[in-house]
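Using this note's numbering, read the sequence shown as starting at 48 and increasing by one per residue. Each residue gets a CB set at the ideal place from its N, CA and C atoms; glycine is no exception.
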Amino acid sequence: VQLQACGGGLVQAGGSLRLSCAASGSIFSIGAMGWYRQAPGKQRELVASITSSSITNYADSVKGRFTISRNNAKNTVYLQMNSLKPEDTAVYYCNAITTMPFYTYWGQGTQVTVSS
């Protein structure tokens, strides 16, 4: 499975960005997909995840501001980010978990910078 993420950029606080991540390869076995982020000097953390049946989970810090969704026909997962804050600045990574075999794949990361 290969994951290609895009949509990052520079935005002012309060603005919005939409990230997308397209999967290719052995996509028939993809289960959950998600977005993580890593800020300088910090550990990678879960932002949001979505199962194959579209059950979602969010980090407390982004609840009410970010929305994760997926289009199974396009093998793509999205992250709509609204009301962005400077503390949202990080490299955002998408991931996909396959079920056969059980494995986690990562995209290359896309930079999101929120200026105050």
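* Asked: What are the complete beta strand (DSSP E) segments, minimum 3 residues, inside the segment 98-136?
  -> Runs found: 103-105, 113-118, 123-128.
* To do: Enumerate in chain order the residues of its own chain whose CB-to-CB distance from Cys68 is below 6 Å, with the five nearest sequence positions on each side excluded.
  => So the qualifying residues of the chain are Leu50, Ala52, Val124, Cys141, Gly154.
* Under three-state DSSP, which class holds Ser63? -> Looking at Ser63 - three-state DSSP - the assignment turns out to be coil, as it is neither helix nor strand.
* Asked: CA-CA distance, Asn122 and Tyr83?
  -> Distance between the alpha carbons of Asn122 and Tyr83: 18 Å.
* **Residues bridged to Ile77 [DSSP beta-bridge criterion]** => Answer is Thr145, bridged to Ile77.
* From the DSSP output, which residues share a beta bridge with Gln155? -> Gln155 is not bridged to any residue.
* Asked: Does DSSP classify Arg91 as helix, strand or coil?
  -> DSSP places Arg91 in coil when its eight states are reduced to three.
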